[in-house]
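Below: the structure, in structure tokens.
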Amino acid sequence: MNGVTLRTAHVNELGALVAIDDDASQLFVRAGLDIDIEQGHPFVVSEQQRWALAIERGLALVAADTGNRPVGFMILGDVDGEPYLDQLSVRTGHMHQGIGSMLVHHAISWSAHRPLWLTTYAHLPWNKPFYEKHGFVKHPEEECGAELCAILREQRAALPDPMQRIAMVRRCP
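First residue of the sequence shown? That's 1 in the UniProt record's numbering, and the numbers climb one at a time after it.
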């Protein structure tokens with residue numbers, strides 16, 4: 001993490017966050033999951049609206065390099081009245097340097113001893129296992145709140161390999 005620091009995203013950085021996420025998505029392509037959704041698709045529009053709102057509310061954090069350029073980010077929010085990690089992405093050239101872990105640790109601190117929720121792919125070696133390493137566990141969908149179930153439905157309607165999308169939660173000990 002040489003010189004990488006966390007800071008809130010600036011209002012003019014939505015495009016940078018999208019670019020980071022696009023770059024990170026190359027891992028999915030290499031795994032056979034082509035997440036090439038057109039810019040005007042309702043899923044993309046909804047996602048970027050959530051991210052813009054998170055930026056406005058100070059709930060979008062970037063990992064910035066020594067030149068203060070974003071190399072990773074996370075979007076935080078609230079789902080079913082509980083903390084939610086909406087998105088975490090790191091540029092491929094900056095992966096395996098602890099940046100993702102630094103972001104997750106910050107999200108855990110932000111959740112203030114409340115359950116922290118997220119959705120991810122179950123079958124990819126860098127998704128579910130990464131979160132499990134940080135104390136998250138798969139949560140039965142039938143026990144998820146209405147908003148989280150709606151998120152999973154939206155993701156499954158737009159993303160490849162829909163039945164591999166799962167909910168995870170980290171509860172404080």
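We treat Cβ as the ideally placed atom computed from N, Cα and C, and that holds for glycine.
These numbers come from a predicted model, not from an experiment.
For residue 40, is the classification buried or exposed, using 16 other Cβ atoms within 10 angstroms of its Cβ as the cut-off for buried? Looking at its Cβ environment, which holds fewer than 16 other Cβ atoms inside 10 Å, residue 40 is exposed.
Check whether the segment 71–91 and the segment 15–26 touch, using three or more Cβ-Cβ pairs below 8 Å as the test. They touch, by the three-pair rule.
Completely contained alpha helix (DSSP H) runs for the segment 77–124, where each covers 4 or more residues: Within the segment 77–124, the runs of alpha helix (DSSP H) at least 4 residues long that lie entirely inside it are, in chain order, 99–110.
Would you call the segment 89–103 and the segment 40–57 in contact, with 3 or more CB pairs under 8 Å? Segments in contact, no.
Should residue 146 be labelled buried (16 or more other beta-carbon atoms within 10 Å of its own) or exposed? Burial call: exposed.
So, using beta-carbon positions, are residue 119 and residue 148 closer together than 9 Å? In contact: residue 119 and residue 148 (Cβ atoms closer than 9 Å).
By DSSP, does residue 136 sit in helix, in strand, or in coil? Residue state for residue 136 is assigned as coil, using DSSP reduced to three classes.
Going by alpha carbons, who is nearest to residue 135 out of 168, 162, 144 and 9? Taking only the C-alpha atoms, the option nearest residue 135 is 168.
Excluding the 5 residues flanking residue 67 on each side, which residues of the same chain have their C-beta closer than 7 Å to its C-beta? Excluding sequence neighbours, residue 67 sits near nothing in its chain.
Using 8 Å for Cβ pairs, my map puts residue 116 next to residue 85. What's the rounded Cβ distance? Indeed, because the Cβ distance is near 6 Å, the residues count as touching under 8 Å.
Report back the beta-carbon spacing between residue 107 and residue 76 to the nearest angstrom; my notes put them in contact at under 8 Å. Yes, residue 107 and residue 76 are in contact; Cβ-Cβ is about 6 Å, under 8 Å.
What does DSSP give as the partner residues of residue 72 in its beta bridges? DSSP lists 63 and 90 as partners of residue 72.
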